[in-house]
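Numbering (full-length UniProt numbering), first residue to last: 1 to 111.
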(Lines of atoms letter the chains of each structure in order from A and count residues from 1; the text may use other names and numbers.)
(Lines give C-alpha, C1' and ligand atoms only; values in the text may rest on other atoms or scores of the structure.)
Protein backbone atom coordinates (compact mmCIF):
# COMPACT_ATOMS: atom_id res chain seq x y z
CA UNK A 1 0.00 0.00 0.00
CA UNK A 2 1.29 3.43 -0.92
CA UNK A 3 0.62 6.10 1.66
CA UNK A 4 1.02 9.84 1.43
CA UNK A 5 3.93 9.79 3.86
CA UNK A 6 5.79 7.23 1.71
CA UNK A 7 5.32 9.48 -1.30
CA UNK A 8 6.51 12.52 0.65
CA UNK A 9 3.12 14.22 0.70
CA UNK A 10 2.46 15.95 4.01
CA UNK A 11 -0.18 18.37 5.16
CA UNK A 12 1.32 21.64 6.22
CA UNK A 13 0.76 22.43 9.88
CA UNK A 14 -0.95 25.71 10.46
CA UNK A 15 -0.47 27.44 13.77
CA UNK A 16 -3.01 30.13 14.41
CA UNK A 17 -1.69 32.70 16.80
CA UNK A 18 -2.54 36.31 17.15
CA UNK A 19 0.07 38.81 18.06
CA UNK A 20 -0.92 40.48 21.30
CA UNK A 21 0.53 43.65 22.67
CA UNK A 22 4.11 43.44 23.82
CA UNK A 23 4.31 42.15 27.37
CA UNK A 24 7.11 43.81 29.33
CA UNK A 25 9.83 41.68 30.88
CA UNK A 26 10.45 43.89 33.90
CA UNK A 27 9.08 46.89 35.75
CA UNK A 28 11.34 49.33 33.91
CA UNK A 29 9.84 48.42 30.54
CA UNK A 30 6.34 48.52 32.00
CA UNK A 31 6.69 52.01 33.43
CA UNK A 32 7.58 53.38 30.00
CA UNK A 33 4.12 52.45 28.68
CA UNK A 34 0.97 54.23 29.87
CA UNK A 35 -1.27 51.15 29.77
CA UNK A 36 1.16 49.02 31.79
CA UNK A 37 1.85 51.89 34.18
CA UNK A 38 -1.88 52.07 34.87
CA UNK A 39 -2.02 48.32 35.53
CA UNK A 40 0.91 48.57 37.97
CA UNK A 41 -0.67 51.47 39.84
CA UNK A 42 -4.01 49.63 40.03
CA UNK A 43 -2.28 46.57 41.55
CA UNK A 44 -0.36 48.69 44.06
CA UNK A 45 -3.52 50.48 45.18
CA UNK A 46 -5.32 47.13 45.60
CA UNK A 47 -2.46 45.74 47.72
CA UNK A 48 -2.40 48.84 49.92
CA UNK A 49 -6.19 48.84 50.41
CA UNK A 50 -6.17 45.16 51.41
CA UNK A 51 -3.40 45.74 53.95
CA UNK A 52 -1.21 43.07 52.38
CA UNK A 53 1.94 44.26 54.12
CA UNK A 54 3.17 46.75 56.65
CA UNK A 55 6.41 48.68 56.58
CA UNK A 56 8.69 47.76 59.49
CA UNK A 57 12.38 47.86 60.24
CA UNK A 58 14.39 44.83 59.22
CA UNK A 59 15.78 42.86 62.19
CA UNK A 60 19.54 42.44 62.42
CA UNK A 61 21.11 39.60 60.39
CA UNK A 62 17.99 39.19 58.25
CA UNK A 63 17.75 39.37 54.49
CA UNK A 64 14.56 40.84 52.99
CA UNK A 65 12.49 38.72 50.63
CA UNK A 66 12.51 40.17 47.13
CA UNK A 67 9.60 40.57 44.79
CA UNK A 68 8.98 40.49 41.07
CA UNK A 69 6.38 41.99 38.75
CA UNK A 70 4.54 39.66 36.37
CA UNK A 71 2.62 41.02 33.40
CA UNK A 72 -0.11 39.44 31.31
CA UNK A 73 -2.58 40.56 28.65
CA UNK A 74 -6.09 39.27 29.34
CA UNK A 75 -8.15 38.62 26.22
CA UNK A 76 -11.84 38.28 25.49
CA UNK A 77 -13.17 35.15 23.80
CA UNK A 78 -13.01 36.89 20.42
CA UNK A 79 -9.31 37.68 20.88
CA UNK A 80 -9.65 41.36 21.64
CA UNK A 81 -7.75 42.79 24.59
CA UNK A 82 -9.85 42.86 27.76
CA UNK A 83 -7.27 44.35 30.12
CA UNK A 84 -3.64 44.56 31.05
CA UNK A 85 -2.84 42.72 34.28
CA UNK A 86 0.14 43.29 36.56
CA UNK A 87 0.89 41.21 39.67
CA UNK A 88 3.48 41.68 42.37
CA UNK A 89 4.72 38.33 43.69
CA UNK A 90 7.20 37.51 46.45
CA UNK A 91 10.26 35.46 45.64
CA UNK A 92 9.45 32.75 48.16
CA UNK A 93 12.28 30.48 47.06
CA UNK A 94 14.72 32.65 49.04
CA UNK A 95 13.02 31.94 52.35
CA UNK A 96 14.46 29.70 55.06
CA UNK A 97 12.15 27.99 57.53
CA UNK A 98 12.41 29.49 60.97
CA UNK A 99 14.17 32.64 59.82
CA UNK A 100 11.88 34.42 57.42
CA UNK A 101 8.52 32.65 57.25
CA UNK A 102 7.91 31.00 60.60
CA UNK A 103 5.45 33.62 61.86
CA UNK A 104 3.59 33.76 58.54
CA UNK A 105 3.51 29.98 58.13
CA UNK A 106 1.91 29.55 61.55
CA UNK A 107 -0.80 32.06 60.62
CA UNK A 108 -1.57 30.16 57.43
CA UNK A 109 -1.77 26.75 59.09
CA UNK A 110 -4.28 27.69 61.76
CA UNK A 111 -7.80 26.31 61.13
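Glycine residues also receive a C-beta, built at the ideal position from the N, C-alpha and C atoms. Fair warning: this is a prediction, and the values are worked out from it, not measured in the lab.
Sheet register partners of residue 83 (DSSP bridge) = Position 83 of the chain shown, counted from the start, is the residue given in the question as residue 83. Note: residue 83 sits in a beta bridge opposite 74.
Span separating the alpha-carbon of residue 7 from that of residue 13 | To locate residue 7, count along the chain shown from 1; it is residue 7. To locate residue 13, count along the chain shown from 1; it is residue 13. Looking at the two C-alpha atoms, the distance is approximately 18 Å.
Separation of residue 5 from residue 78, as counted between CA atoms | Within the chain shown, residue 78 is the residue found at index 78, counting from 1. Within the chain shown, residue 5 is the residue found at index 5, counting from 1. So the alpha carbons of these two residues sit roughly 36 Å apart.
Spell out the partners DSSP gives residue 90 in its beta bridges.
-> Within the chain shown, the letter at position 90 stands for residue 90. Paired residue(s): 67.
Outcome for residue 89 when other beta-carbon atoms lying within 10 angstroms are tallied against a minimum of 16 | Indexing the chain shown from 1 puts residue 89 at position 89. Answer is exposed; the Cβ neighbour count stays below 16.
Quick one: give me the first and last residue of the alpha helix (DSSP H) that residue 35 is part of.
-> Counting from one through the chain shown, the residue named residue 35 turns up at place 35. Its alpha helix (DSSP H) spans residues 34–50.
Check residue 4 in the structure and name its three-state DSSP category.
-> Taking the chain shown and counting its residues from 1, the one referred to as residue 4 is at position 4. Correct three-state label for residue 4: helix.
Starting from the C-beta of residue 30, find all residues in its chain whose C-beta is less than 8 Å away, skip the five residues before and the five after it, and write them out in chain order.
-> Here residue 30 is taken as the residue at index 30 of the chain shown, counted from 1. So the list reads 24, 36, 37, 39, 40, 69, 71 and 86, once near-sequence residues are dropped.
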